[in-house]
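Undergrad: Protein sequence lines correspond, in order, to chains E and P. If you count by full-length UniProt numbering, then the first sequence holds residues 1 to 343, one letter each, in order. If you count by full-length UniProt numbering, then the second sequence holds residues 1 to 343, one letter each, in order. In this text, a Cβ means the ideal position worked out from N, Cα and C, and glycines have one as well. All values derive from a computational prediction rather than experimental measurement. Before I ask anything, here is the structure I am working with.
2 protein chains.
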Amino acid sequence: MTMSNTGGRRRPPTIHDVAREAGVSRGTVSRVLNGGHYVSPAAQEAVNAAIRKTGYVVNRHARSLITGRSDSVGFLLTEPQERFFEDPNFNVLLRGCTQALAAHDVPLLLMLAGTKDERRRITRYITAGHVDGVLLVSSHSGDPVAEELRAAGVPLVACGKPIGLGSKVSYVAADDRDGARDMVRHLLSLGRRRVGVVTGPQDTPGGVERLAGYREVLAEAGVAFDERLVVSGDYSRASGEAGAERLLAQAPDVDAVFVASDLMAQGVLAALQRAGRRVPEDVAVGGFDDSPAAVAASPELTTIRQPWDRISAEMVRVLLAQIGGEDPATVILPTELVKRESA
Amino acid sequence: MTMSNTGGRRRPPTIHDVAREAGVSRGTVSRVLNGGHYVSPAAQEAVNAAIRKTGYVVNRHARSLITGRSDSVGFLLTEPQERFFEDPNFNVLLRGCTQALAAHDVPLLLMLAGTKDERRRITRYITAGHVDGVLLVSSHSGDPVAEELRAAGVPLVACGKPIGLGSKVSYVAADDRDGARDMVRHLLSLGRRRVGVVTGPQDTPGGVERLAGYREVLAEAGVAFDERLVVSGDYSRASGEAGAERLLAQAPDVDAVFVASDLMAQGVLAALQRAGRRVPEDVAVGGFDDSPAAVAASPELTTIRQPWDRISAEMVRVLLAQIGGEDPATVILPTELVKRESA
DNA sequence: TCTCCCGATGTGATCGATCAAATGGGAACG
DNA sequence: CGTTCCCATTTGATCGATCACATCGGGAGA
Numbered sequence: 001m002t003m004s005n006t007g008g009r010r011r012p013p014t015i016h017d018v019a020r021e022a023g024v025s026r027g028t029v030s031r032v033l034n035g036g037h038y039v040s041p042a043a044q045e046a047v048n049a050a051i052r053k054t055g056y057v058v059n060r061h062a063r064s065l066i067t068g069r070s071d072s073v074g075f076l077l078t079e080p081q082e083r084f085f086e087d088p089n090f091n092v093l094l095r096g097c098t099q100a101l102a103a104h105d106v107p108l109l110l111m112l113a114g115t116k117d118e119r120r121r122i123t124r125y126i127t128a129g130h131v132d133g134v135l136l137v138s139s140h141s142g143d144p145v146a147e148e149l150r151a152a153g154v155p156l157v158a159c160g161k162p163i164g165l166g167s168k169v170s171y172v173a174a175d176d177r178d179g180a181r182d183m184v185r186h187l188l189s190l191g192r193r194r195v196g197v198v199t200g201p202q203d204t205p206g207g208v209e210r211l212a213g214y215r216e217v218l219a220e221a222g223v224a225f226d227e228r229l230v231v232s233g234d235y236s237r238a239s240g241e242a243g244a245e246r247l248l249a250q251a252p253d254v255d256a257v258f259v260a261s262d263l264m265a266q267g268v269l270a271a272l273q274r275a276g277r278r279v280p281e282d283v284a285v286g287g288f289d290d291s292p293a294a295v296a297a298s299p300e301l302t303t304i305r306q307p308w309d310r311i312s313a314e315m316v317r318v319l320l321a322q323i324g325g326e327d328p329a330t331v332i333l334p335t336e337l338v339k340r341e342s343a
Numbered sequence: 001m002t003m004s005n006t007g008g009r010r011r012p013p014t015i016h017d018v019a020r021e022a023g024v025s026r027g028t029v030s031r032v033l034n035g036g037h038y039v040s041p042a043a044q045e046a047v048n049a050a051i052r053k054t055g056y057v058v059n060r061h062a063r064s065l066i067t068g069r070s071d072s073v074g075f076l077l078t079e080p081q082e083r084f085f086e087d088p089n090f091n092v093l094l095r096g097c098t099q100a101l102a103a104h105d106v107p108l109l110l111m112l113a114g115t116k117d118e119r120r121r122i123t124r125y126i127t128a129g130h131v132d133g134v135l136l137v138s139s140h141s142g143d144p145v146a147e148e149l150r151a152a153g154v155p156l157v158a159c160g161k162p163i164g165l166g167s168k169v170s171y172v173a174a175d176d177r178d179g180a181r182d183m184v185r186h187l188l189s190l191g192r193r194r195v196g197v198v199t200g201p202q203d204t205p206g207g208v209e210r211l212a213g214y215r216e217v218l219a220e221a222g223v224a225f226d227e228r229l230v231v232s233g234d235y236s237r238a239s240g241e242a243g244a245e246r247l248l249a250q251a252p253d254v255d256a257v258f259v260a261s262d263l264m265a266q267g268v269l270a271a272l273q274r275a276g277r278r279v280p281e282d283v284a285v286g287g288f289d290d291s292p293a294a295v296a297a298s299p300e301l302t303t304i305r306q307p308w309d310r311i312s313a314e315m316v317r318v319l320l321a322q323i324g325g326e327d328p329a330t331v332i333l334p335t336e337l338v339k340r341e342s343a
């Protein structure tokens with residue numbers, strides 16, 4: 001009763017059709033497809049011509065069935081999804097990974113592990129070998145999915161240093177600590193001495209490292225560390241606003257703020273404005289990320305750029321290498337100070 | 001020399017292992033897997049127990065090889081990617097689709113058709129049957145990829161009414177025209193009579209429809225249409241800013257502006273502020289989208305909310321139905337006026 | 001009691017690739 | 001001239017599912 005082949009799709013040509021067309025055997029065609037070793041130039045050319053003529057495209061399912069590879073990778077986002085989906089950097093990362101993979105003809109499967117049910121399903125899916133490896137975006141510590149994948153020996157590359165996973169997990173990250181150092185040094189170079197900080201969550205590597213960089217530079221410059229100058233947020237705009245209010249209450253003489261994300265920095269700007277402080281004259285503000293929010297803010301944010309395009313490219317490179325049998329690796333990429341109006 | 005099986009992944013159990021464990025044949029296991037018709041309750045239970053015990057997961061490659069289905073769908077984004085990746089709605093859409101598909105155990109492949117090369121590769125990939133259908137995000141007209149897919153009979157569901165594709169393409173869209181009508185009616189209800197509009201690109205369905213709604217309401221209210229009150233943008237913040245400047249020059253007596261996107265509305269607010277006009281006292285501003293930008297703006301934007309969560313759910317529903325053999329369908333979903341400060 | 005039918009189950013063929021072993025045909029060498 | 005290699009190629013087996021067909025068994029109906 002149901003006609004599934006609506007639209008009239010024809011059966012696509014197989015390797016056998018190509019072989020017949022080229023006057024060679026399937027084996028030869030297969031060899032041409034996979035690098036062309038042990039193939040004469042004549043056969044090579046005949047096969048390529050036949051492929052072009054027939055419009056042949058390899059059936060990946062048949063290939064995967066016997067090779068055991070899937071020639072695809074997963075892009076796994078574990079909780080909390082909201083944070084990432086609102087984060088413009090996430091887009092850049094996702095896009096970069098997709099494109100880098102496409103260059104290797106490797107499809108990307110998007111996987112969102114939100115609910116418990118989804119997590120179970122995804123874990124099964126991955127460990128069953130339906131993807132060859134996983135690009136992991138999960139900043140939070142003790143991620144059970146990631147741990148399970150690691151234990152199952154699935155090639156894994158995290159974005160940002162994963163907390164609480166064994167040391168054998170590859171990751172690619174920006175040099176958060178060094179970026180933070182650059183920014184705080186910059187604020188000090190403006191003559192500020194009461195430098196506050198709005199940190200990110202301390203269960204994320206970025207949050208920890210950026211705070212560490214802040215402390216290091218203060219120590220190195222001989223500026224006393226003052227706990228009242230430290231408040232923490234969760235990377236959201238609202239938390240930046242709230243943080244700045246607390247900061248102003250605890251340390252009214254603050255003359256600069258290093259904010260661990262641009263989104264939070266937007267909130268900080270709003271709070272300062274409401275409090276009647278001028279930026280950067282009264283209080284200099286430095287962000288982190290160089291997201292679109294940085295340019296949209298007024299005054300435009302001085303911030304730290306993370307090389308997201310390079311991060312995605314490196315994640316893919318490391319993952320493919322690991323799938324190819326190489327050992328896990330970690331890559332740390334340098335950040336860049338972008339001076340605008342706010343500091 | 002290269003040890004590909006680093007980490008020691010074992011061969012996963014096959015349907016044959018399950019059959020042996022349950023004391024039945026492969027055929028019976030297969031039948032249980034696919035709906036359980038013509039299977040006795042006893043066998044049913046034995047098989048399920050065996051599946052649980054062995055941790056069996058179906059090998060999708062083997063299945064796809066014989067069924068000809070891939071049980072996966074593509075999420076295709078054609079140019080221009082920047083617009084979408086910066087658009088928060090895109091995130092909601094992508095997430096919604098992924099989750100809706102996950103509920104049906106269907107993986108989503110992310111496909112970006114940016115360069116000519118990528119477009120060719122992706123077209124081949126899809127027409128070769130590596131996905132069963134495609135969720136299409138492509139606002140612009142005359143998309144060659146989409147047209148090729150349609151011609152090849154690939155099940156296709158577009159987000160927003162596709163321009164220039166045959167009528168046989170399914171799509172799901174918000175009721176742009178009605179949303180625009182609601183907003184312009186709202187502006188008129190505030191007593192404004194010199195209502196300007198910053199439109200979107202006129203080669204996108206949204207751009208066309210929103211402008212049409214604007215004209216309809218003016219006509220219905222007996223307000224004369226004035227060409228000087230119409231400027232066009234490209235949905236970017238910058239184009240909104242530029243558009244507002246042109247508007248102020250052409251029609252200084254403008255007392256309200258309907259802007260076809262929140263991002264552009266942000267730019268409009270900035271330009272108005274610079275020109276010394278108060279919002280909403282001097283000029284009321286209405287946006288479209290209800291994106292995060294709407295709340296971030298000051299004053300907060302009155303805008304039209306598009307039901308993105310429902311849109312994604314419907315896209316998936318229609319696509320799966322179409323893959324199952326049903327005819328193409330179109331779905332139009334209602335929008336909602338969200339009143340805030342700017343109008 | 002004997003058919004007939006139908007629900008439940010088993011079995012070999014099949015999908016389209018790769019893999020591994022076998023084959024064929026020179027060139028190099030003694 | 002025969003043997004050994006090695007490169008190029010063919011061929012049957014294989015991956016793990018589903019499919020189509022054969023088979024079996026028991027209850028209804030004559």
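Using a beta-carbon distance below 7 Å, is Ala151 (chain P) in contact with chain E?
TA: Answer no: the Cβ-Cβ gap between Ala151 (chain P) and chain E never drops below 7 Å.
Undergrad: Do the region 109-116 of chain E and the region 322-342 of chain E meet, that is, are 3 or more Cβ pairs less than 8 Å apart?
TA: Cβ pair count under 8 Å is below three, so no.
Undergrad: Distance check for Tyr171 (chain E) and Gly114 (chain P), CA to CA, integer angstroms please.
TA: Their Cα atoms are separated by approximately 28 Å.
Undergrad: Could you tell me whether any Cβ in chain E is nearer than 7 Å to the Cβ of His61 (chain P)?
TA: For His61 (chain P), the answer is yes, since a Cβ of chain E falls inside 7 Å of its Cβ.
Undergrad: Expressed to the nearest angstrom, what Euclidean distance is found between the alpha-carbon atoms of Gly104 (chain P) and Ile122 (chain P)?
TA: The question names Gly, yet the displayed sequence has His at residue 104 (chain P). Cα to Cα, His104 (chain P) sits roughly 24 Å from Ile122 (chain P).
Undergrad: Thinking Val145 (chain P) and Thr78 (chain P) are a contact (beta carbons under 8 Å), I'd like their distance in whole angstroms, please.
TA: Going by Cβ atoms, the distance from Val145 (chain P) to Thr78 (chain P) rounds to 6 Å, so yes, they are a contact pair.
Undergrad: Against chain E, does Gly7 (chain P) count as a neighbour if the rule is that its beta carbon must be under 7 Å from one of theirs?
TA: In this prediction, Gly7 (chain P) has a pLDDT of 44, which is less than 50 and means its spatial position is unreliable; what the coordinates show is noted afterwards. Output row for Gly7 (chain P): interface = yes.
Undergrad: Ala49 (chain P): which of P:Ala62, P:Val24, P:Tyr38, P:Val73 sits nearest, CA to CA?
TA: Looking at the Cα atoms, P:Val24 is the closest of the given residues.
Undergrad: Which same chain residues, not among the five before or five after Gly213 (chain P), have their C-beta less than 6 Å away from its C-beta?
TA: Result list for Gly213 (chain P): Arg177, Ala180, Arg181, in chain order.
Undergrad: If you draw a straight line from the alpha carbon of His16 (chain P) to that of Val295 (chain P), how long is it in whole angstroms?
TA: Going from the Cα of His16 (chain P) to the Cα of Val295 (chain P) covers about 57 Å.
Undergrad: Please determine if the region 243-262 of chain E and the region 185-203 of chain E are in contact, where contact requires at least 3 C-beta pairs separated by less than 8 Å.
TA: A contact exists between the region 243-262 of chain E and the region 185-203 of chain E.
Undergrad: Taking just the CA atoms, how far does Leu94 (chain P) sit from Ala313 (chain P)?
TA: Whole-angstrom Cα-Cα distance: 10 Å.
Undergrad: Looking at the C-beta of Asn34 (chain P), does it have a partner C-beta in chain E at a distance below 7 Å?
TA: Cβ-Cβ to chain E under 7 Å: no for Asn34 (chain P).
Undergrad: Just to confirm my understanding: we take Met3 (chain P), look at its own chain, exclude 5 residues before and 5 after, and list those with CB closer than 7 Å. What are they?
TA: Because Met3 (chain P) carries a pLDDT of 36, less than 50, the predicted location of this residue cannot be relied on, and no value is offered for it.
Undergrad: Using CA atoms only, rank isn't needed, just tell me which of E:Arg60, E:Gly207, E:Asp132, E:Val57 is closest to Ala321 (chain E).
TA: If we check each option's Cα against that of Ala321 (chain E), E:Asp132 comes out closest.
Undergrad: Which chain E residues are close to Ser64 (chain P), counting only those with a beta carbon under 8 Å from its beta carbon?
TA: Result: His61.
Undergrad: Counting only beta-carbon atoms, is Thr98 (chain P) nearer than 7 Å to chain E?
TA: Taking Cβ atoms only, chain E reaches closer than 7 Å to Thr98 (chain P), which makes this a yes.
Undergrad: Cutting at 6 Å between CB atoms, please list the residues of its own chain near Pro201 (chain P), excluding the five before and the five after it.
TA: Same-chain partners within the cutoff: Gly207, Asp234.
Undergrad: Would you say Phe288 (chain E) faces chain P, with C-beta separation under 7 Å as the test?
TA: No, its Cβ sits nowhere closer than 7 Å to a Cβ of chain P.
Undergrad: Run through DSSP, which three-state label would Ser232 (chain P) get?
TA: Strand.
Undergrad: Are Arg124 (chain P) and Val57 (chain E) closer than 7 Å when you measure CB to CB?
TA: Against a cut-off of 7 Å, the Cβ pair of Val57 (chain E) and Arg124 (chain P) comes out as a contact.
Undergrad: Quick one: give me the first and last residue of the beta strand (DSSP E) that Gly206 (chain E) is part of.
TA: First-last for Gly206 (chain E): 205-221, but that is the alpha helix (DSSP H), not the beta strand (DSSP E).
Undergrad: Answer with yes or no whether the minimum CB distance from Phe225 (chain E) to chain P is below 7 Å.
TA: By this cut-off, Phe225 (chain E) is not an interface position.
Undergrad: Run through the region 36-121 of chain P for me and flag every whole alpha helix (DSSP H) of 4 or more residues, listed as ranges in chain order.
TA: Listed in chain order, the complete alpha helix (DSSP H) runs (minimum 4 residues) inside the region 36-121 of chain P are 41-54, 60-67, 81-85, 88-103.
Undergrad: Does DSSP classify Ser30 (chain E) as helix, strand or coil?
TA: Correct three-state label for Ser30 (chain E): helix.
Undergrad: For Asp117 (chain P), tell me which candidate among E:Ala102, E:Arg120, E:Thr127 has the shortest Cα-Cα distance.
TA: When each option's Cα is compared against that of Asp117 (chain P), the closest is E:Ala102.
Undergrad: Say whether chain E places a C-beta atom closer than 7 Å to the C-beta of Leu301 (chain P).
TA: Answer no: the Cβ-Cβ gap between Leu301 (chain P) and chain E never drops below 7 Å.
Undergrad: Considering Val195 (chain E), what are the terminal residues of the beta strand (DSSP E) in which it resides?
TA: Residues 195-199.
Undergrad: Mind checking whether Val283 (chain E) and Arg277 (chain E) have CB atoms under 7 Å apart?
TA: Yes, Cβ-Cβ distance for Val283 (chain E) and Arg277 (chain E) is below 7 Å.
Undergrad: At a CB distance below 9 Å, what residues from the region 231-251 of chain E approach chain P? Give them in sequence order.
TA: Cβ contacts with chain P come from Arg237.
Undergrad: Identify the contact partners of Val57 (chain E) in chain P, using a Cβ-Cβ distance below 9 Å as the criterion.
TA: Near Val57 (chain E) (Cβ distances below 9 Å), the residues of chain P are Arg124, Tyr125, Thr127, Ala128, Gly129, His130.
Undergrad: Please state the DSSP three-state secondary structure of Leu156 (chain P).
TA: If DSSP states are grouped into helix, strand and coil, Leu156 (chain P) belongs with the strands.
Undergrad: Using the beta-carbon count (16 or more within 10 Å), is Lys161 (chain P) buried or exposed?
TA: Looking at its Cβ environment, which holds 16 or more other Cβ atoms inside 10 Å, Lys161 (chain P) is buried.
Undergrad: Thr6 (chain P) to Ala128 (chain E), Cα distance in whole Å?
TA: Because the pLDDT of Thr6 (chain P) is 41, which lies under 50, any placement of that residue in the model is unreliable, and the number read from its coordinates should be weighed accordingly. Straight-line Cα distance between these residues: approximately 16 Å.
Undergrad: Is there a Cβ of chain E sitting closer than 7 Å to that of Leu110 (chain P), yes or no?
TA: For Leu110 (chain P), the answer is yes, since a Cβ of chain E falls inside 7 Å of its Cβ.
Undergrad: Identify the continuous alpha helix (DSSP H) that holds Ala173 (chain E) and give its terminal residues.
TA: From DSSP, Ala173 (chain E) is part of no alpha helix (DSSP H) but of the beta strand (DSSP E) over 170-174.
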